[in-house]
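From first to last, the protein sequence lines are chains A and B. Numbering follows this note's numbering, in which position 69 of the first sequence is assigned residue number 69; successive positions increment by one, without gaps. Just remember that this note's numbering sits 126 ahead of the position in the second sequence, which is counted from 1. Note that CB positions come from ideal geometry on N, CA and C, so glycine has one too. Comments concern the structure below.
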Amino acid sequence: MNTTCSPSTCTPATSGVTESLRKPLYNINGNAEAYEIRVELPGVPKSNVKLDLEENILTVRGERSSTVPEGMKALHRELSPLSYLLRLRLNAPVSEDQMTAKLEDGVLTLRLPLKEVAKPRQIPVL
Amino acid sequence: MKIIRTHPFSINRVSGLDEWFRHPLAGLPSLSSFINNLGEVLPGVTGDKLAVDVNEDKDSYFVTFEVPGVKKEDVKIELNNGLLTVSAEKREKDGEKESSYSLTRSVSVPDGVNAEGIAAKLEDGILTVTLPKQERSKPRTIALS
């Protein structure tokens with residue numbers, strides 16, 4: 001299950017959004033126990049990250065603080081000031097109450113433990 | 127043999143044309159593009175390029191880089207002959223495997239910067255280098271004696 005995004009598991013946000021947002025860079029790893037998702041959210045303070053799991057859709061929103069603070073003149077611009085939105089469809093049930101999220105150095109790390117029913121089982125041969 | 131990744135004219139994430147429409151003048155007084163293109167030819171300045179913003183207010187210049195996932199101790203900032211070079215080593219853990227790659231960018235610093243006062247801050251994956259401007263000598267009137 002160590003995979004990058006395939007169309008069946010991940011759905012980018014396309015509808016119902018009017019403001020300009022961009023999809024952050026992200027990476028998904030998984031094993032028999034949990035999904036681990038890393039999302040790059042540079043410029044987003046902890047208080048501006050919103051996580052939401054509804055049905056099997058995980059939504060990550062990161063509001064970026066402005067890159068040109070008040071009273072400053074931009075001389076050269078390459079960084080995008082747009083905020084981030086990532087929407088992923090999970091293809092296995094996860095234990096919501098055991099989800100953990102950590103934001104460190106502009107990278108959000110999510111751990112979504114799989115529900116028992118989704119874990120692989122060994123069936124003994126009698 | 128050394129493999130050098132090159133990116134002719136860095137177009138980082140944002141389409142270059144879009145950027146041009148929004149800021150058609152941004153490329154003209156470019157502090158960095160010449161130096162950066164040079165950097166791709168020179169050995170020792172390899173690695174992917176960091177995107178950069180340069181802002182100023184009346185007291186300082188602010189050079190901003192996006193370095194998500196980079197730790198403070200993995201950032202190197204150098205000022206040499208009026209050229210500010212930032213290198214960031216990015217380490218990624220993927221299970222047991224750990225990989226790292228480096229990102230570099232050089233920006234030529236305008237005249238009149240107080241080199242002693244340069245400071246840097248890393249917060250939420252954004253590195254900001256502050257370059258204070260030197261006190262300009264104020265116009266004076268000289269009284270005739």
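Checklist entry - Once you ignore the five residues that flank Leu176(B) on each side, which residues in its own chain have a CB closer than 6 Å to its CB? => result Same-chain partners within the cutoff: Phe191, Leu229 and Arg231.
Item to check | Arg111(A) - containing beta strand (DSSP E), residue span | outcome: Counting along the chain, the beta strand (DSSP E) containing Arg111(A) begins and ends at Val107 to Pro113.
Next on the checklist: Give me the chain B residues within the contact set of Lys73(A), using Cβ-Cβ distance strictly less than 8 Å, ordered along the chain.
Outcome noted: Within chain B, the residues whose beta carbon sits less than 8 Å from that of Lys73(A) are Asn181, Glu182 and Asp183, listed in sequence order.
Item to check | Per-residue DSSP class, three states only, for Val60(A) | outcome: Of the three classes helix, strand and coil, the one that applies to Val60(A) here is strand, per DSSP.
Checklist entry - Is there a Cβ from chain A that is less than 7 Å from the Cβ of Gly195(B)? => result At least one chain A Cβ lies under 7 Å of Gly195(B).
Checklist entry - Using a beta-carbon distance cut-off of less than 7 Å, what residues from the region 229 to 262 of chain B approach chain A? => result Asp250, Gly251 and Ile252: these are the residues of the region 229 to 262 of chain B whose beta carbon lies less than 7 Å from some beta carbon of chain A, given in chain order.
Item to check | Beta carbon proximity, Val171(B) to chain A, threshold 7 Å | outcome: Interpretation of Val171(B) is limited by its pLDDT of 41, a score under 50 that renders its predicted location unreliable; the figure taken from the coordinates is listed afterwards. Taking a beta-carbon distance threshold of 7 Å, Val171(B) does not count as an interface residue toward chain A.
Next on the checklist: If you reduce the DSSP assignment to three classes, tell me which class Val193(B) lands in.
Outcome noted: Coil at Val193(B), not helix or strand.
Item to check | Proximity to Val193(B) [Cα-Cα], best of Pro124(A), Leu25(A) and Ala92(A) | outcome: The alpha carbon of Val193(B) has as its nearest neighbour, out of Pro124(A), Leu25(A) and Ala92(A), the alpha carbon of Leu25(A).
Next on the checklist: For Gly43(A), count the other beta carbons within 10 Å of its own beta carbon; 16 or more makes it buried, fewer makes it exposed. Which is it?
Outcome noted: Classification of Gly43(A): buried, given that the 10 Å Cβ count is 16 or more.
Item to check | Cutoff 6 Å; reference Arg111(A); Cβ partners in own chain excluding five residues on either side | outcome: Excluding residues within five positions, the ones whose Cβ falls inside 6 Å are Ala34, Glu36 and Thr100.
Next on the checklist: Taking 7 Å as the threshold (beta carbon to beta carbon), is Val212(B) in contact with chain A?
Outcome noted: Cβ-Cβ to chain A under 7 Å: no for Val212(B).
Next on the checklist: Just to confirm before moving on: does the CB-CB distance between Leu79(A) and Glu182(B) stay below 7 Å?
Outcome noted: No; because the gap between Cβ atoms is not below 7 Å, this pair is not in contact.
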